[in-house]
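Residue numbers (our numbering): 1018 to 1304.
Here is the structure:
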């Protein structure tokens, strides 16, 4: 499995794609963006004004929220050029509270997650900074840091009250999960996008776009709560799991093609959409 190391590209801007869509192209009606639209639209207008205006808007929200990073430092956003030479990105955030931020969509969505799921972001930062303290920054991250990076960049939160649906996701049983179980979506299971690189990819959706689902068992009552209560519950539960699970590995995630989620893409109304074995793979069921 290829892991995402997009923050490494901060030291090599040429390594990043230069033809990405701009801020004006964000369509907040899309189901993967809609949960973040209230704050996102304000930030979008700031980003379209200037880099400085975006940082000002982000820092105003950070000041009002009093959010902290992985070691209890107050959250703030700084220009990418203010990251000291040679400093490790996650370690700098943990020790200072300051998140180096570029004027691009990748870091825009990264900043958004500090407000949508603040405990999860702080937990990821705490675990990353501890791993850096122990192992330093080298050519390889190790299993734990790889898993943390995968979560941060590409995770979906799959909230589910039906064990049969969770088992279908883990077992690559797409028919049960996405066709036969279609009516259960919104009533017994749902997805929240978390990975900021995944959100960036979904600016230009494509059928094979796949997130890595972190399965969260929720009570049936969860689906009667409003969106803010659901997100707060997920934030608390998942952050605790990230801090308490010592042996994190990438195999703890279940791949989920995002455009296959019921209600998220018009073409998946047809069951034939899921017949594409190059996207909806058999996976571990055949191993």
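Idealized CB from N, CA, C, for every residue including glycine.
Between the region 1172–1179 and the region 1187–1205 there are three or more C-beta pairs closer than 8 Å, enough to call the two in contact. C-alpha of residue 1215 to C-alpha of residue 1159: approximately 22 Å in a straight line. Excluding residues up to 5 positions away in sequence, 1045 lie with their Cβ nearer than 7 Å to the Cβ of residue 1054 in the same chain.
When secondary structure is reduced to three states using DSSP, residue 1162 falls in the helix class. Residue range 1206–1210 is occupied by the beta strand (DSSP E) that includes residue 1207. Taking residue 1068 as the centre and dropping the five residues before and after it, the same chain places the C-beta of 1120 closer than 6 Å to its C-beta, in chain order.
Note that the region 1117–1132 touches the region 1092–1109; at least 3 beta-carbon pairs, one per stretch, sit closer than 8 Å. Note that the C-beta distance between residue 1115 and residue 1109 is below 8 Å.
Residue 1175: member of the beta strand (DSSP E) spanning 1172–1177, first to last residue. Of the residues 1268, 1089, 1083, the one whose Cα lies closest to the Cα of residue 1163 is 1268. The Cβ-Cβ distance between residue 1169 and residue 1212 falls below 8 Å. Ranked by how close their Cα comes to the Cα of residue 1243, the residues 1047, 1052, 1048 have 1052 in first place. By the Cβ test, the region 1225–1244 is in contact with the region 1266–1285, since at least three Cβ pairs between them sit closer than 8 Å. The alpha-carbon of residue 1224 is positioned some 19 Å away from that of residue 1043. The Cβ-Cβ distance between residue 1273 and residue 1141 does not fall below 8 Å. In this model, residue 1200 and residue 1089 are separated by some 42 Å (Cα to Cα). Per DSSP, the beta-bridge partners of residue 1231 are 1174.
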